[in-house]
Amino acid sequence: MTAEGYRVLDDQLKQLKSVERPSVIAAISEAREHGDLSENAEYHAAKERQGWIEGQIAEIEDKISRAQVIDVTKLSGDQVKFGATVTVVDEDTEEEGTYQIVGEHEADVKAGKISVSSPIARALISKEVGDVVEVNTPGGVKAYEILKVEWK
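Residues in the sequence shown are numbered consecutively from 5, following my numbering.
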């Protein structure tokens, strides 16, 4: 994952542990004070939320523990690799697009970040400026020419 992706996950983990977890514990405690737990909707909702929070914490901790963090700013070269920001042009529509190749959990197409395992990223990996790649899409085969490879 990129260093930015790691920071985002770490911030989410801190938020869950320092804000969300204590607030749900307080909600459970307050709901317990209302008496009969078998018919207490607030208690059951808080317990369900607690389960979700603990699941999120475990999932993020697992991702962080297995992550190999790569500082993209220290990378260079003309060849497309993980972390590269690539500008391409669709050969049919002449439409340009810029994408950064990131880890799976960081992917956000609207923000221009595509997963390293996506079809377009797999096609771009190890290519260089001027190369044309073909990508199988649901609408058929699309051809993209690589205009620029950057490391930001």
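Glycine is no exception: its CB is placed at the ideal position from the N, C-alpha and C atoms.
None of these values were measured; they are calculated from a predicted model.
Subject >> Nearest neighbour of E52, chosen from G107, V90, I29, H109 [CA to CA] >> reply: I29
**OP:** With distances taken Cα to Cα, identify the nearest neighbour of I57 among K21, K117, S33.
**Re:** K21
Subject >> K152 classed as buried or exposed, judged by whether at least 16 other C-beta atoms fall within 10 angstroms >> reply: exposed
Original post:
How many Å lie between D14 and S69 at the Cα?
Top reply: 11 Å
Original post:
Going by beta carbon distance, what residues of the same chain come within less than 8 Å of Q83, once the five residues before and after it are set aside?
Top reply: S130, K131, E132, V153
Subject >> Counted within 10 angstroms of its Cβ, other Cβ atoms place E110 as buried (16 or more) or exposed >> reply: buried
Subject >> K18 to R25 span [Cα, whole Å] >> reply: 10 Å
**OP:** Using alpha carbons as the reference points, say which of E95, A35, V139 lies closest to H48.
**Re:** A35
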